[in-house]
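Written below as structure tokens is the structure these notes are about.
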Amino acid sequence: MVCTPTIRALALLSLLPIASASAQGPAAPTLIRHVRVFDGSRLLSARDVLLQNGRIVAIGATVQAPSGALVVDGTNRTLLPGLIDSHTHAYGAALVDALSFGVTTALDMFTDPSEAAARRAEQRAGPVSTRADLFSAGVLVTAPKGHGTEYGIPIPTIAAPESAQAFVDARIAEGSDYIKIILDDGSAYGITLPTVSNATLVAVVTAAHARKKLAVVHVGTLADAREAIGAGADGLMHLFVDRAPDAQFGKFVAAHHAFVVPTLTVLRSIAGTAAGSELAADARLAPYLGATGRSTLLSGFPFKMTVSYAAAEESVKQLKAAGATILAGTDAPNPGTAHGISMHRELELLVHAGLTPTEALIAGTSAPARVF
Numbered sequence: 000m001v002c003t004p005t006i007r008a009l010a011l012l013s014l015l016p017i018a019s020a021s022a023q024g025p026a027a028p029t030l031i032r033h034v035r036v037f038d039g040s041r042l043l044s045a046r047d048v049l050l051q052n053g054r055i056v057a058i059g060a061t062v063q064a065p066s067g068a069l070v071v072d073g074t075n076r077t078l079l080p081g082l083i084d085s086h087t088h089a090y091g092a093a094l095v096d097a098l099s100f101g102v103t104t105a106l107d108m109f110t111d112p113s114e115a116a117a118r119r120a121e122q123r124a125g126p127v128s129t130r131a132d133l134f135s136a137g138v139l140v141t142a143p144k145g146h147g148t149e150y151g152i153p154i155p156t157i158a159a160p161e162s163a164q165a166f167v168d169a170r171i172a173e174g175s176d177y178i179k180i181i182l183d184d185g186s187a188y189g190i191t192l193p194t195v196s197n198a199t200l201v202a203v204v205t206a207a208h209a210r211k212k213l214a215v216v217h218v219g220t221l222a223d224a225r226e227a228i229g230a231g232a233d234g235l236m237h238l239f240v241d242r243a244p245d246a247q248f249g250k251f252v253a254a255h256h257a258f259v260v261p262t263l264t265v266l267r268s269i270a271g272t273a274a275g276s277e278l279a280a281d282a283r284l285a286p287y288l289g290a291t292g293r294s295t296l297l298s299g300f301p302f303k304m305t306v307s308y309a310a311a312e313e314s315v316k317q318l319k320a321a322g323a324t325i326l327a328g329t330d331a332p333n334p335g336t337a338h339g340i341s342m343h344r345e346l347e348l349l350v351h352a353g354l355t356p357t358e359a360l361i362a363g364t365s366a367p368a369r370v371f
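Counting from 0, one number per residue, gives the positions in the sequence shown under numbering that gives the first Met the number 0.
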């Protein structure tokens with residue numbers, strides 16, 4: 000089958016209201032006939048899928064329709080697990096917008112911890128079918144006046160490795176599901192920012208692991224990426240566009256059993272291409288896209304940078320060749336992105352960078368479920 004991940008994932012949209020309705024409580028069973036099924040690792044040929052009371056209760060070549068069942072023709076469509084955006088910033092209507100495009104879980108990498116805690120408490124109380132589920136880093140770990148402090152929101156910062164365990168413990172007490180660290184001095188983008196020292200980086204990673212939490216690192220350059228992996232980080236929360244990867248980069252990441260969330264959509268936007276403009280212009284998507292999402296899709300970064308998007312694509316090729324784990328994430332709502340919809344562009348860009356459509360779908364479903 001020749002099918003881009005964008006088209007394959009969008010096939011979920013016409014089926015999503017059915018699944019959402021069944022998740023809200025007892026209702027008539029729904030039988031989807033002759034639909035392709037992506038199960039998180041492979042694409043299964045046409046079969047029948049029966050949903051009842053919010054659960055899939057049968058999958059087979061021929062499933063008998065229960066009395067009163069709603070029967071849907073799934074011919075030439077594909078049913079997917081909910082997508083997982085492995086790098087997002089969830090505030091406002093982000094989780095509702097995400098669900099509109101089949102993203103059922105958002106892995107937030109910096110938001111207000113009290114808001115995140117409230118959302119997670121609601122999730123623990125019972126299924127929330129009107130928005131995507133949320134897991135969050137809460138407040139990120141950054142140096143005084145470092146990246147993350149420029150948004151006008153007072154946040155704690157870390158200045159020395161001796162503070163690492165107390166700093167991490169405070170984030171966990173606020174509800175952080177994992178720890179995100181900023182290692183970025185702004186040099187890739189022609190600016191200067193304070194960033195954590197190597198000693199502090201190592202201490203924070205160690206402190207996170209002492210509490211059995213993943214430690215993920217926002218990086219800006221190839222040097223940052225290598226430093227983060229060398230410090231024991233579990234994953235990178237961006238690729239880099241300052242220069243091409245060295246010949247051993249992919250193997251280096253794989254040897255350390257680290258994962259990477261490339262965020263190609265936002266890197267493409269940083270490199271000067273409005274990665275979301277085609278999505279904003281697609282009439283099929285218009286009913287699901289609000290004014291805020293359309294605005295951010297069409298926006299660009301307010302400064303010009305001499306960076307190489309090709310470097311990110313080459314890194315993806317190396318990571319795939321080395322067998323490293325790649326996860327799909329958007330960094331929405333940065334310029335050129337929007338919640339939910341940009342996951343479809345991210346999957347497409349991953350395929351353009353060398354993944355197969357199936358590998359891209361794994362990066363957006365079962366791989367982040369396993370890692371996180």
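Note that CB positions come from ideal geometry on N, CA and C, so glycine has one too. Small disclaimer: the values here were computed from a predicted structure and weren't measured.
Scanning the stretch 17 to 105 from its first residue to its last, the whole beta strand (DSSP E) runs of 3-plus residues come out as 29 to 37, 42 to 51, 54 to 59, 69 to 72 and 82 to 87. Taking the Cα of Pro160 as reference, the smallest distance to any Cα among Ser196, Val138, Ala60 and Gly335 is reached at Ser196. In the DSSP assignment, Lys211 falls outside any alpha helix (DSSP H) and carries neither an H nor an E. Straight-line measurement puts the Cα of Val203 at about 12 Å from the Cα of Ala142.
When DSSP reads this structure, Leu133 sits in a beta bridge with Ala105. The count of Cβ pairs closer than 8 Å, one atom from the stretch 78 to 87 and one from the stretch 328 to 347, reaches three, so the stretches are in contact. In the structure shown, Ile178 falls within a strand segment according to DSSP collapsed to helix, strand and coil. Note that the stretch 169 to 186 touches the stretch 210 to 218; at least 3 beta-carbon pairs, one per stretch, sit closer than 8 Å.
When DSSP states are grouped into helix, strand and coil, Thr324 belongs to the strand group.
Shown here, Phe300 sits in coil according to DSSP, grouped into three states, outside any helix or strand. Excluding its 5 nearest sequence neighbours in each direction, Phe248 has C-beta neighbours in its own chain below 6 Å: Gln317, listed in chain order.
For Ser44, the closest C-alpha among the options Gly59, Ile55, Gly53 and Leu30 is that of Gly59. Rounded to whole angstroms, the Cβ separation of Gly145 and Pro80 is 36 Å, and the two are not in contact under 8 Å. According to DSSP, Val195 shares a beta bridge with no other residue.
The criterion of a C-beta distance shorter than 8 Å is satisfied by Gly73 and Ile31. Look at the beta carbons and you see the stretch 227 to 238 not touching the stretch 289 to 301: under three pairs across the two are nearer than 8 Å.
In the DSSP assignment, Asp223 falls within the alpha helix (DSSP H) that extends over Leu221 to Gly229.
Residue pairing by DSSP places Ala331 opposite Thr87 in a beta bridge.
With contacts defined as CB atoms closer than 8 Å, Gly151 and Ala115 fail to qualify as a contacting pair. Of the other Cβ atoms in all chains shown, 16 or more fall within 10 Å of the Cβ of Arg267; this residue is therefore buried.
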